[in-house]
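Residue numbers (the numbering used here), protein chains in the order written: chain A, 1 to 283; chain B, 1 to 283; chain C, 1 to 283; chain D, 1 to 283. In this text, a Cβ means the ideal position worked out from N, Cα and C, and glycines have one as well. These numbers come from a predicted model, not from an experiment. Working notes, beginning with the structure itself.
Number of protein chains: 4
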Amino acid sequence: MKTTILIHCPDQSGIISTVTSFIYRNGGNIIYIDQHVDKEAGVFFMRLESDFENNIPDISTLKQKFEEELAQPYQMEWSLYIGSKRPKMALWVSKYNHCLYDLLSRYNSGELEVEIPFILSNHPDLEYVAQQFGIPFFHVPVSKDTKEDAENEQLRLMDQYEIDFIVLARYMQIVTQKIIDRYPNKIINIHHSFLPAFAGAKPYHAAFERGVKIIGATSHYVTEELDAGPIIEQDVTTVSHSHNIKDFITKGRDLEKIVLSRAVKLHIRRKTMVYNNKTVIFT
Amino acid sequence: MKTTILIHCPDQSGIISTVTSFIYRNGGNIIYIDQHVDKEAGVFFMRLESDFENNIPDISTLKQKFEEELAQPYQMEWSLYIGSKRPKMALWVSKYNHCLYDLLSRYNSGELEVEIPFILSNHPDLEYVAQQFGIPFFHVPVSKDTKEDAENEQLRLMDQYEIDFIVLARYMQIVTQKIIDRYPNKIINIHHSFLPAFAGAKPYHAAFERGVKIIGATSHYVTEELDAGPIIEQDVTTVSHSHNIKDFITKGRDLEKIVLSRAVKLHIRRKTMVYNNKTVIFT
Amino acid sequence: MKTTILIHCPDQSGIISTVTSFIYRNGGNIIYIDQHVDKEAGVFFMRLESDFENNIPDISTLKQKFEEELAQPYQMEWSLYIGSKRPKMALWVSKYNHCLYDLLSRYNSGELEVEIPFILSNHPDLEYVAQQFGIPFFHVPVSKDTKEDAENEQLRLMDQYEIDFIVLARYMQIVTQKIIDRYPNKIINIHHSFLPAFAGAKPYHAAFERGVKIIGATSHYVTEELDAGPIIEQDVTTVSHSHNIKDFITKGRDLEKIVLSRAVKLHIRRKTMVYNNKTVIFT
Amino acid sequence: MKTTILIHCPDQSGIISTVTSFIYRNGGNIIYIDQHVDKEAGVFFMRLESDFENNIPDISTLKQKFEEELAQPYQMEWSLYIGSKRPKMALWVSKYNHCLYDLLSRYNSGELEVEIPFILSNHPDLEYVAQQFGIPFFHVPVSKDTKEDAENEQLRLMDQYEIDFIVLARYMQIVTQKIIDRYPNKIINIHHSFLPAFAGAKPYHAAFERGVKIIGATSHYVTEELDAGPIIEQDVTTVSHSHNIKDFITKGRDLEKIVLSRAVKLHIRRKTMVYNNKTVIFT
């Protein structure tokens, strides 16, 4: 049985050896350990992959021991994941198909260790892609008047399919606060600029207007403030005066795909931790 | 005799063939032609390298003909440079030596086709570098009270040495409007962020605070508005949670050097044109 | 009517102005001109986009004039393409779907200005992708005994569908000499290494074995010698000791997709010229 | 007292907790831990930074305990470094000054935590740079007839100045086997290609000939076989048909500087381990 444990707590002497000894005493072999100390904030972060090969422990007993022997004395916030359980990812889209196609073809070739119970959209346009890949598609239109109904329907679907996290694959609608609160650091967005430059609408137009020589894309967790959540992944590509806005958009699409898929993979592999509106990314 | 001609004018049919015919009729061979049309603005840009090998024309006659036959009918703004004349570049610095060392070692190895008549600084710290390379160093301190005197001294030096353009190699002082006006699109600055993100002071601190995964540097022509002039060159490098502010600064230094030196080279080779607060860069 | 003309010929004085004048005299407006001189080889290259807006010429007359007035006196090799005609691209695949999905989703979103008459494979595995996108799929198995039959069937299909160029989207079989001869500089391959390093089979394994810190992908025109044809496009990504061969393969897939699609786009837009087993790429 | 311990040994269960407990029991606080398992080879690698703040141990006792309690039972190869001791780096150069200037200006600004006792060259050309920076310069010419004398003089200087490692900053001469044997994995070379492509002489010429679209530089430890030692760092930059060999060389110089300086920093910080002619680089 493989497990992944994520921990953060106030930095103290001896944490690493205490935690590693705990794992060892309980029959686990540590496969991979990552840690980070934010010295300014005085916070310790750790990610531990362990293998309980021949000594499969009772999970709830293990968790209780961990809580009593480690989490409480060290004031840890922590979570433990069982390796074999695939998280359930909902894909939210609008009209652009490039990120959707990219994620689905990766899913199709076994690159993403998730289940995709459904695709949700505020427009009907991309139903055909869902059909190509045999995945349920739900059209939940959102207008000023139907906002609350839409939110309820979204939440109902999320509950019914026991969704673990949401990927906004160019979902062109603001996600409501209620949903953000229900899925803290579990909604991944792709913004088509190199944040914090060009937050908000029409970033490619703004980038063109400013005459930048490099454009970017940013994947981040969604928080209350628009395009201001913890950044998971960014990438850039060069542009020149010879590119018009349409070229920016086309070049940007390739960035969006790659940046979003990398962020999704990091999240699936539980390699991201959030603290102080920033991410610790264990790679 | 090699010449470089830069032109911009309202876009019209037939410009390219008219200009190329003019060169040919006057005994020149076109070595390299670059052009660009900004379709939105309706502006045509052109850069022409020609060789008047066996038929060295009288320059002032050539210029007059160009003005009458081409510039006036097509409403061109244009300039003609003689290839053999090296422009004179003033280096302005403060306390950081990395960009200065980088430019001087390139100059030293023949990579920059310029003359460097002097290095100017508002601090005495880097005089030793000037001495290492045998270049005159002028210390012009700037304080609230001496601002005007300093400006006058700066202008006097610029005039005395017939400076063509200024490179601010981490000059940590705002250049006065009078100097900007005297050297329009001829003052090259390096800003240590990926503009327009993190304009102004302490960009590495701001980038660290925001938790970005990529940092950058931007070289631009200095205009009235701080860090908002036409961008010549940008580049970026990746960072992670494991880098602290000092790491950002160290990694950033390498970017600053490379971005500034590229911008300086483009300017020296007359490969930059400015329009609408943006650059056309012919590479 | 928009046209693109590609020319290469011995370098001589006056070519640019002669060609641009020709276009102008025949009612065309030059939209974009690219040229290059290989000084060592003494060869001149040119790509001309022209718009014959109000004066649509008779194409065969235009071609004849060009041949007589320009091509013969300047010993040009040249070709003229009409902008509105989409080239016909055959996709050859084997078992990997990532490049296929990538190209088809770009095609689907209008990014590729081609027709795709069919997908051909030596294996039946990817027929389902062809079906997803509604494109005919032909399974032409290749074994030692059936090599000649397969080649005949391949050529028959190419002729029947009037294919202009072939994209080997991870076609894991050597293309026969007869087909290479029929489609000179018209077969685009993607090789999963940074050529010339790791030519031949299993490049990711070889790269892993050597302990490189960067892996790459290369798109090139297919010639007689394996993986040695003119390079169109290359890109790379970083790897580390923490990546195993499977990681190399996964990371490499993203490179292969992006590099192949860029090469295909350059070819479609007639931005590639081949000379001396190298490419001139006009961007 | 800060220490860095590097370990590699056959992979076994419980190593991490055993080592971390050892440090803790001996009064150390683990600041940073990096580990890697090469699963194919069955080898475990670890790098441990520890701080013995209030309990400064006797180093030789600590080493003896480590040897008995850990190294012997686990068959470890290991080394322990005291943080405060700066390694001594010899710079070997020939005629090109770019890498030398780059390293010296970094050294000058405090970026490299080393001592540089001397610069050695087989040519007198760069003595002026040594003088600029006030570092002793030794001219040790190498010819067919004087090879052995030169080697002896090189070794004598290395011994006299107690050199820890050598940086070949474009030293254009093959280092003798005797010296390689004396400094195993302690001689850092910069090769001006993306190895394994274009090993040997004139890599930029070979790259130009092949028509690559990307050129690179590689820093590696020197081993018996030319340009085939363990790779520490690589980087690349794009080129096009418009660049001639001189452009390749100029662009390449920037790569060489950055790649070499990164490799030197990794070595200084003891972040490199060598196994099976490959490196594990802890970043």
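{"query": "Have a look at threonine 298 (chain A) and asparagine 152 (chain C) and give me their C-alpha separation to the nearest angstrom.", "result": "Residue 298 (chain A) falls outside the range modelled here, since chain A spans only 1 to 283, and no answer is possible."}
{"query": "Which class does isoleucine 135 (chain A) belong to by DSSP, given the choice of helix, strand or coil?", "result": "coil"}
{"query": "Does the stretch 78-98 of chain A come within contact of the stretch 158-167 of chain A, defined as at least 3 CB pairs closer than 8 Å?", "result": "yes"}
{"query": "Once the 5 residues before and after threonine 238 (chain D) are set aside, which same chain residues still bring their CB inside 7 Å of it?", "result": "Lys213, Ile214"}
{"query": "When Cβ atoms are compared, which residues of the stretch 10-22 of chain D fall closer than 7 Å to chain A?", "result": "Ser13, Gly14, Ile16, Ser17, Thr20, Ser21"}
{"query": "I need the boundaries of the alpha helix (DSSP H) containing aspartate 58 (chain A), first residue and last residue.", "result": "No alpha helix (DSSP H) holds aspartate 58 (chain A); DSSP gives it neither H nor E."}
{"query": "Counting only C-beta atoms, is serine 79 (chain C) closer than 7 Å to chain A at any point?", "result": "no"}
{"query": "In this structure, does DSSP put phenylalanine 165 (chain B) in helix, strand or coil?", "result": "strand"}
{"query": "From the DSSP output, which residues share a beta bridge with valine 43 (chain D)?", "result": "D:Pro10, D:Asp38"}
{"query": "Beta-carbon of tyrosine 285 (chain C) versus every beta-carbon of chain B: anything under 7 Å?", "result": "Chain C is shown from 1 up to 283; residue 285 (chain C) falls before or after that span and cannot be answered."}
{"query": "In chain B, which residues lie less than 7 Å from glycine 211 (chain A) when you measure between Cβ atoms?", "result": "Pro230, Ile231, Asn277, Lys278, Thr279"}
{"query": "Would you tell me roughly how many angstroms separate the C-alpha atoms of tyrosine 285 (chain B) and alanine 228 (chain D), rounded to the nearest one?", "result": "Only positions 1 to 283 of chain B appear in the structure, and residue 285 (chain B) is not among them; the question remains open."}
{"query": "Counting only Cβ pairs nearer than 8 Å, list the residues of chain D close to serine 242 (chain C).", "result": "His36"}
{"query": "Can you name, in chain order, every residue of its own chain whose Cβ lies under 8 Å from the Cβ of serine 240 (chain B), other than the five neighbours on each side?", "result": "Lys213"}
{"query": "Going by beta-carbon coordinates alone, are serine 17 (chain B) and asparagine 29 (chain C) separated by less than 7 Å?", "result": "no"}
{"query": "Do we get a CB-CB distance below 7 Å when we pair serine 105 (chain B) with the residues of chain D?", "result": "yes"}
{"query": "Find out if the Cβ-Cβ distance for the pair glutamate 233 (chain A), serine 242 (chain A) is shorter than 7 Å.", "result": "no"}
{"query": "Could you check whether the Cβ of asparagine 29 (chain B) sits closer than 7 Å to any Cβ belonging to chain C?", "result": "yes"}
{"query": "If you count every other CB in all the chains shown that lies within 10 Å of the CB of glutamate 68 (chain D), and 16 or more means buried, which is it?", "result": "exposed"}
{"query": "Judging by CA-CA distance, which residue of D:Thr279, D:Lys271, D:Asn276 is the nearest neighbour of tyrosine 81 (chain D)?", "result": "D:Lys271"}
{"query": "Leaving out five residues before and five after asparagine 276 (chain D) in sequence, what residues of the same chain have Cβ atoms less than 7 Å from its Cβ?", "result": "Ala41"}
{"query": "May I ask you to verify whether the stretch 44-55 of chain C touches the stretch 251-269 of chain B, counting CB pairs closer than 8 Å and requiring at least 3?", "result": "no"}
{"query": "Tell me whether glycine 134 (chain D) is buried or exposed, calling it buried when 16 or more other Cβ atoms sit within 10 Å of its Cβ.", "result": "exposed"}
{"query": "Taking the beta strand (DSSP E) that methionine 172 (chain B) falls in, what are its first and last residues?", "result": "No beta strand (DSSP E) holds methionine 172 (chain B); DSSP gives it neither H nor E."}
{"query": "At a Cβ cut of 8 Å, what residues of the stretch 176-202 of chain B count as close to chain A, listed as they run along the chain?", "result": "Phe194, Leu195, Pro196, Ala197, Phe198"}
{"query": "Helix or strand or just coil, what does DSSP make of serine 50 (chain D)?", "result": "strand"}
{"query": "What number of angstroms, rounded off, separates the C-alpha of leucine 8 (chain C) from the C-alpha of histidine 205 (chain A)?", "result": "According to the sequence as given, residue 8 (chain C) is histidine; it is not leucine. Taking the straight line joining both Cα atoms gives about 38 Å."}
{"query": "Suppose contacts are defined by Cβ-Cβ distances below 7 Å. Is leucine 120 (chain D) in contact with valine 142 (chain D) by that definition?", "result": "no"}
{"query": "Does any residue of chain D bring its CB to less than 7 Å from the CB of valine 236 (chain C)?", "result": "yes"}
{"query": "Where are the beta strand (DSSP E) runs, 3 residues long or more, that stay fully inside the stretch 183-231 of chain B, in chain order?", "result": "187-191, 214-221"}
{"query": "List the residues of chain B whose Cβ lies closer than 7 Å to the Cβ of isoleucine 33 (chain A), in chain order.", "result": "Neighbours of isoleucine 33 (chain A) on chain B: none; closest Cβ ~15 Å, over 7 Å."}
{"query": "Name the chain B residues whose beta carbon is nearer than 7 Å to that of tyrosine 24 (chain C)?", "result": "Gly14, Ser17"}
{"query": "So with Cβ pairs under 7 Å, would you call isoleucine 7 (chain A) a contact of chain B?", "result": "no"}
{"query": "In this structure, how does DSSP classify threonine 146 (chain B) when only helix, strand and coil are distinguished?", "result": "coil"}
{"query": "Is tyrosine 171 (chain D) close to chain B, meaning its C-beta is less than 7 Å from at least one C-beta of that chain?", "result": "no"}
{"query": "Applying the 10 Å Cβ sphere with the 16-neighbour rule, what's the burial state of glutamate 278 (chain A)?", "result": "Inspection of the sequence shows that residue 278 (chain A) is occupied by lysine rather than by glutamate. The residue in question, lysine 278 (chain A), is buried, as its Cβ has 16 or more Cβ neighbours within 10 Å."}
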